[in-house]
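For reference, the structure is listed below as structure tokens.
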Amino acid sequence: MGTTDRTPLELEAFLRTQQPIFTPDKYDMFKHNCNHFSDLLLRFLSSRLHVPS
Numbered sequence: 001m002g003t004t005d006r007t008p009l010e011l012e013a014f015l016r017t018q019q020p021i022f023t024p025d026k027y028d029m030f031k032h033n034c035n036h037f038s039d040l041l042l043r044f045l046s047s048r049l050h051v052p053s
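Note that the UniProt record's numbering numbers the sequence shown so that position 6 is 6, with each residue one more than the last.
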């Protein structure tokens, strides 16, 4: 992954915004899962990174 220019506070704020979106009741094996969260996180940390297709 490498490094990021994001601060710990920015990461914490991002995680707070995602918390209500990634809840067990919203889980979908194909459309809304941990891979989708990982992709969002990588894109937040670095615009160059994302989970491969």
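Glycine is no exception: its CB is placed at the ideal position from the N, C-alpha and C atoms. Here the structure is a predicted model, which means the values were calculated and not measured.
Residue state for Asp28 is assigned as strand, using DSSP reduced to three classes.
In this structure, the straight-line span from the alpha carbon of Leu11 to that of Phe44 is close to 8 Å.
In the three-state reduction of the DSSP assignment, Phe22 falls in the coil class, being assigned neither a helical nor a strand state. Taking Thr17 as reference, the option from Ser46, Phe37, Thr3, Ser47 with the minimal CA-CA separation is Phe37.
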